[in-house]
Every structure is written in C-alpha cells, then in structure tokens.
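*Asks:* The following block contains the structure, expressed as structure tokens.
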Amino acid sequence: MKANRNNLPAMLLILALLMLWQLGAMQINAAYILPSPIQILYKLWEQRIPLLTVHLPATMLVCAVGMAISLGLGLVLAAAMDGSPLCRKALYPVVVASQTIPTTAIAPLFVLWFGYGIWSKVLVTILITFFPIAITVYDGLQSAHVEMSELLLTYGATKRDIFLKIKVPCALPYFFSALKMAIPMSVIGAAIGEWLGAQSGLGYFSRRMMTQLDGAGVFAPVVLMSVVAMLAVGLVGLIERRVVKWRGES
Amino acid sequence: MNVLEFQKVSFRYAGENSDIIDHLNFSVEPGAFHCLIGVSGCGKSTIFRMINGLLKPNQGEILVNGVPIGAQKQYCGYMPQKDLLFPWRTVGENLALPLEIRGGLSKRERRERVEEALRDVGLEGCADKMPAELSGGMRQRAAFARTILTGSDLLLLDEPFSALDFLTRVSMQEWLHQQWRRSGRTILFITHDVEEALFLSTSVLAVTETPIRTLREIPVPLERERSRRDLTRPELIELRESMLDALKRQVRT
C-alpha cells in the first residue's frame, strides 16, 4: 500500500505523458511516423500470437544465454582481479577499454563472423552486459571490511576462508545491483543484434515492420521488451530482498 | 611459566624513521588481568597487533606459554574495539566463526558450543537472532563469547567498551570482571580510561614514553572480589590522580 502511494506521482506523470502522446498522435494523424499508444496496444493484441510464441522466446533465449555467459565471465574476472594485483593491473584497463568499443557499429561484423544464428546476438549481449557485472562485483569484493578480515586472520583463517566468509557476502548486494543493471542492457543488446540480422526475435520483428512503414508494429515489440525487462528486474529485486537482509548495515 | 613474554621486541612502521616499540621486555603471569593504559597513538594497539600476529616484530621474540607465536595458531583470542559481528550471519553463526575456521567439529557440535557460550554471557536464546536485533551491550557480550570460543586462555581486549554509553559501560565492566574471576583466563585490556583500568586490573601496565621501552607496572591495591565503591577509597583516589598526572604529562610532550 505504502509502495503504491510512493509510486503515485510517477504513475500520474506517465499517464499524463501517454495522454499527451495520444493527443499529439491524433493531431498529426500519420501512424507510420507517430503511432498513438492505443494503436500500439491494438497492434500488440493483433500480433500477440507471433510475438509471444516466436519472437519473444527467441529474444529471451539470446538474453538468457548472453547473461549466463556474462555472469560466468564477469564473476571470474571480478574474483581474479580481487585475488591478484597482477590480474587487476592486466585486466582492469582491458575491461574498461572493451566498453569504448561502439558495439552497434561493429555488430554487423559479428553477423558476418557468426551468421544469422543466435551467437552473433549473444556476443552483442555479452559485450554490453559483462562490464557492469565484472566491475560492480569487483567493487563489492573490494568493499569487504579490512577489520573483519583481520579478525578472521587472528582466528587462523586462510585466504579462502576470508573470500567465502567475508568477501562473497560483502559482494552480494553489489551483485544484485549489477544484475538489475545488466538485465535491461541484455534486452537492448539482443534487440540491437536482431535489428542487424536475424530470422526471428523482437528486434527482427520491429525492423520488419519498419520496412513496411508500420509505426505501431515497430513500437509493439519495444513495449513487450520493456515489460519483460521490468518484470525480470522486479523478480531479481524480490530475490534480493530475501537473500540480502543486511543492506545498509555495517 | 608466563602466559605471555616479550623478549627485546622492536617494531617500526614502514616509512617511519624511528621505532614505536624499542627493545621492550615484559611478561604476563597466568590468570592476571592487566589493563594497558596510555595516550592515543602511543603504541598500545601495536603491541596487541604483534601479539595476535597481524604485525611482525622487526626484532625480538614474543612467546605465548613459552612457545614463539610464529609456531602456533589460535593461541590468543582478540576482541577489537568494534564488535565486528557480521551482519549477514545470525548471532549463533557469528559465534561459530572461530570454530568453523579451526575445523574438526560437526555442525551440531559447533551449535552446542555456541549455545553454551551464549548461556555463559547471558544471551540464551539469541542464537537465531540477527546482530541488528541486539543492543550495544548485548553485541559486545556476543563478541566476547566469540572471543572465548577461540578456545585460548589469553584474551586481548582492545577498548571493547569505548563506544558504549556510560551506564552500559559500567555494567559491562562489572560483568567482564565477574567473567574473568569465574574463568581464570588471562586478560590484557587496552583502555585510556584510568577509572576503568583501576576497577578491572590486578595491575595496570602504563605506557609512559614513546617509543615504548618499558611498561610501568602499577599494582592495584584491591581484592579480586571488588565493587565500584572501592574506587572511592583514599589510596585509590590518590593512585588515580597520580596516574592521570603521568598521562597528562605525556599528552603535553
């Protein structure tokens, strides 16, 4: 109830903007340039079967595979950089540099290399999402309190004890933040990949509608992507509240 | 045999151009309660950090129960100023930390030891609570129980009550003294509160110079069984004033 009341100003603003959009679109009256929200919702309903049974699963598969690889890669990199100063010196600049690559510009190359299948899109997703995971989790591992580690050292703790009993719990809230950042980015990554070349997926659907000058058709999958990303972030938030009960305490 | 012995121990922090501890000799007999008193930054905590192995002396040897500390593990229980209860573990899981690290006990055995330690410090039934649910005094008692569970007879307590409010601090001092009388462990306790030092110690070890070359031992003329009222005796008031004067002189220099 309290949360609902807190969300009220945002809801009202969104509603006002949607109404403004609706009015503007009705005024312009050119759906291929600016479709109205109602037209988009109508298109979403009209295309629900192909969108939900073919294109959404295709995009979700890319996101899931991309996120799984990103998580694996990000966590290993974070642990390596935390564990060894040499690894940190070698990897940190490379990880940061990887973010300066204009992914959208080189993504067509991935299509050339990996074809129209899933892997070109997965690569775009990984490139976009592994950075926030690696860097944020690394920061989390580094945030572990020196005094706590020292206390365990006086008990005769090994490096492994300190990693498992202090660093991992300290990094957990950071991990969830990283996940919440990375999920929407993974959807964007998948969509970019699909725009550039695919046989199915929400990005592909959107592009196909573009060629048919169907404005509402371009928007409909975008709405779907936002909803899915919001739901996934909400789910992670729920899990986080169950797992991390100590956020903000030291 | 002495529980703790410093043999010509010297220490210098990297980047400093003089020693903070200089050829220090001192020893602690079993069952003693010594308060280490001195002004801030005089090197009291450095002594503790060398005993618990977090710092290595540049020279000399530290022996616990006659054996160099380099050759031992879990020979002392260290309790820092902050309680450092891990907020992601329950109180019981926090207490189990030294047992987990030492290994060799099943989960059930650890749980039994933890329950027993909690009973000893008057926190029965708190094993499944989170640290945030405990008051400041309860947290310190839990931290003390965790220190006890290291299993060592030498306890190093580094200003454990300094963050507590006055009344809680007073009752914790009385509680700690009672724990010590009952257990017969050896306690070294850092403080810069003269009254706290007099109430708790069998004798006070005062740091009167930096670098630390000697610790001045000041016996406290009180029985093991004592109450706070004893501190109002004329000889204790005089002792307190002379200790305060000595410490104040050091602040000025």
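Those sequence lines, one after another, are chains E and B.
If you read the first sequence in the working numbering, its first letter stands for residue 1, the second for the next number, and so on.
If you read the second sequence in the working numbering, its first letter stands for residue 251, the second for the next number, and so on.
All residues carry an ideal CB built from backbone N, CA and C; glycine is no exception.
At 9 Å on the CB atoms, spell out the chain E contacts of Asn302 (chain B), in chain order.
*Replies:* Within chain E, the residues near Asn302 (chain B) are Glu150, Leu153 and Thr154.
*Asks:* Taking all protein chains shown into account, do 16 or more other C-beta atoms lie within 10 angstroms of the C-beta of Ser268 (chain B), making it buried, or fewer, making it exposed?
*Replies:* So Ser268 (chain B) ends up on the exposed side.
*Asks:* Cutting at 7 Å between CB atoms, please list the residues of its own chain near Leu152 (chain E), excluding the five before and the five after it.
*Replies:* Answer for Leu152 (chain E): Asp161, Ile162, Lys165 and Ile166, listed in chain order.
*Asks:* Just reading off the alpha helix (DSSP H) that Ala313 (chain B) is part of, what are its end residues?
*Replies:* Per the sequence shown, the amino acid found at residue 313 (chain B) is Leu instead of Ala. Taken as a continuous stretch (DSSP letters only), Leu313 (chain B) belongs to no alpha helix (DSSP H), being part of the beta strand (DSSP E) at Gln309 to Val314.
*Asks:* Consult DSSP for Arg329 (chain B) and reduce its assignment to one of helix, strand or coil.
*Replies:* Reading the sequence as shown, one finds Met at residue 329 (chain B) and not Arg. Correct three-state label for Met329 (chain B): strand.
*Asks:* Going by C-alpha distance, which of E:Gly115, E:Leu172 and E:Leu77 is nearest Phe130 (chain E)?
*Replies:* It is E:Leu77 whose Cα lies nearest to the Cα of Phe130 (chain E).
*Asks:* What residues from the region 320 to 335 of chain B come within 7 Å of chain E, judged by C-beta to C-beta, listed N to C?
*Replies:* If the cut-off is 7 Å between Cβ atoms, the region 320 to 335 of chain B has Lys323, Gln324, Tyr328, Pro330, Lys332 and Leu334 near chain E.
*Asks:* Any C-beta of chain B sitting closer than 8 Å to the C-beta of Pro85 (chain E)?
*Replies:* Answer no: the Cβ-Cβ gap between Pro85 (chain E) and chain B never drops below 8 Å.
*Asks:* Excluding five sequence neighbours on each side, which residues of the same chain lie with their C-beta closer than 8 Å to the C-beta of Val444 (chain B)?
*Replies:* For Val444 (chain B), where only same-chain residues beyond five positions count, the Cβ hits under 8 Å are Ile287, Arg490, Met493, Leu494 and Leu497.
*Asks:* Mind pulling the chain E residues with CB within less than 8 Å of Arg233 (chain B)?
*Replies:* Absent from the structure is residue 233 (chain B), since the part of chain B shown begins at 251 and ends at 503.
*Asks:* Determine the extent of the alpha helix (DSSP H) in which Ile69 (chain E) is found, giving its start and end residues.
*Replies:* Here the alpha helix (DSSP H) through Ile69 (chain E) covers Leu56 to Gly83.
*Asks:* Look at the alpha carbon of Glu475 (chain B) and the alpha carbon of Val371 (chain B), and state the distance between them as a whole number of angstroms.
*Replies:* Near 19 Å, if we compare the C-alpha coordinates of Val371 (chain B) and Glu475 (chain B).
*Asks:* Compare the C-alpha of Ala144 (chain E) against each of E:Ala134, E:Ile128 and E:Pro173 and name the closest.
*Replies:* Per the Cα distances, E:Pro173.
*Asks:* Measure from the alpha carbon of Thr100 (chain E) to the alpha carbon of each residue in E:Met181, E:Leu238 and E:Ile128, then state which is nearest.
*Replies:* Selected option, being the one with the closest Cα: E:Ile128.
*Asks:* Do the region 299 to 311 of chain B and the region 350 to 358 of chain B make contact, defined as three or more Cβ pairs closer than 8 Å?
*Replies:* Taking 8 Å as the limit for Cβ pairs, the verdict is that the region 350 to 358 of chain B does not touch the region 299 to 311 of chain B.
*Asks:* Let me see if you follow: with CB-CB separation under 8 Å, is Ile487 (chain B) close to chain E or not?
*Replies:* Closer than 8 Å: no.
*Asks:* Would you call the CB atoms of Arg518 (chain B) and Asp403 (chain B) closer than 8 Å?
*Replies:* The first residue shown for chain B is 251 and the last is 503, placing residue 518 (chain B) beyond what the model contains.
*Asks:* Determine whether the beta carbon atoms of Asp408 (chain B) and Gln331 (chain B) lie at a separation below 8 Å.
*Replies:* Yes, Cβ-Cβ distance for Asp408 (chain B) and Gln331 (chain B) is below 8 Å.
*Asks:* Hey, quick one: how far does the alpha helix (DSSP H) through Ser295 (chain B) stretch, first residue to last?
*Replies:* Note, Ser295 (chain B): alpha helix (DSSP H), Lys294 to Ile301.
*Asks:* Looking at Ser206 (chain E) and Ile126 (chain E), is the spacing between their C-beta atoms short of 8 Å?
*Replies:* Contact: no.
*Asks:* Taking Cβ positions only, does Pro348 (chain B) come closer than 8 Å to chain D?
*Replies:* The structure shown contains no chain D; the protein chains it does contain are E and B.
*Asks:* Less than 8 Å separating the beta-carbons of Met148 (chain E) and Leu334 (chain B)?
*Replies:* In contact: Met148 (chain E) and Leu334 (chain B) (Cβ atoms closer than 8 Å).
*Asks:* Is there a Cβ of chain B sitting closer than 8 Å to that of Asp82 (chain E), yes or no?
*Replies:* For Asp82 (chain E), the answer is no, since every Cβ of chain B falls outside 8 Å of its Cβ.
*Asks:* What whole-angstrom Cβ distance do Met300 (chain B) and Val259 (chain B) have, given they're in contact under 8 Å?
*Replies:* Yes, Met300 (chain B) and Val259 (chain B) are in contact; Cβ-Cβ is about 7 Å, under 8 Å.
*Asks:* In the DSSP assignment, the alpha helix (DSSP H) including Phe255 (chain E) goes from what residue to what residue?
*Replies:* Past the edges of chain E, shown from 1 to 250, lies residue 255 (chain E), and the structure says nothing about it.
*Asks:* Quick test of the definition: if touching needs 3 or more C-beta pairs under 8 Å, does the region 389 to 404 of chain B touch the region 227 to 246 of chain E?
*Replies:* No: the two stretches stay apart, fewer than three of their Cβ pairs being nearer than 8 Å.
*Asks:* Three or more C-beta pairs closer than 8 Å, one from the region 442 to 457 of chain B and one from the region 281 to 297 of chain B: is that the case here?
*Replies:* These segments touch.
*Asks:* Tell me which residues share the same chain as Leu414 (chain B) and place their Cβ nearer than 8 Å to its Cβ, disregarding the 5 neighbours each side in the sequence.
*Replies:* Excluding residues within five positions, the ones whose Cβ falls inside 8 Å are Gly386, Gly387, Gln390 and Met422.
*Asks:* At the 8 Å Cβ level, is Thr458 (chain B) part of the contact set with chain E, yes or no?
*Replies:* Judged by the 8 Å Cβ criterion, Thr458 (chain B) is not in contact with chain E.
*Asks:* So, is Ser120 (chain E) buried or exposed, given that buried needs 16 or more other C-beta atoms within 10 angstroms?
*Replies:* Result: buried.
*Asks:* Looking at the secondary structure, which residues open and close the alpha helix (DSSP H) in which Arg208 (chain E) lies?
*Replies:* First-last of the alpha helix (DSSP H) with Arg208 (chain E): Leu202 to Thr211.
*Asks:* Out of E:Tyr155, E:Met185, E:Gly203 and E:Met81, which one is the CA nearest neighbour of Asp139 (chain E)?
*Replies:* The shortest Cα separation from Asp139 (chain E) among E:Tyr155, E:Met185, E:Gly203 and E:Met81 belongs to E:Met81.
*Asks:* Measure the alpha-carbon distance for Ala178 (chain E) versus Val228 (chain E) and round it to whole angstroms.
*Replies:* Looking at the two C-alpha atoms, the distance is approximately 18 Å.
*Asks:* Taking the alpha helix (DSSP H) that Val243 (chain E) falls in, what are its first and last residues?
*Replies:* Start and end: Gly215 to Val243.
*Asks:* Hey, Ala377 (chain B) and Leu368 (chain B) are a contact pair by Cβ (cut 8 Å); roughly how many whole angstroms apart?
*Replies:* That pair is a contact at about 6 Å.
*Asks:* What's the call for Gln27 (chain E), buried or exposed, on a 16-neighbour Cβ count within 10 Å?
*Replies:* Gln27 (chain E) should be labelled exposed.
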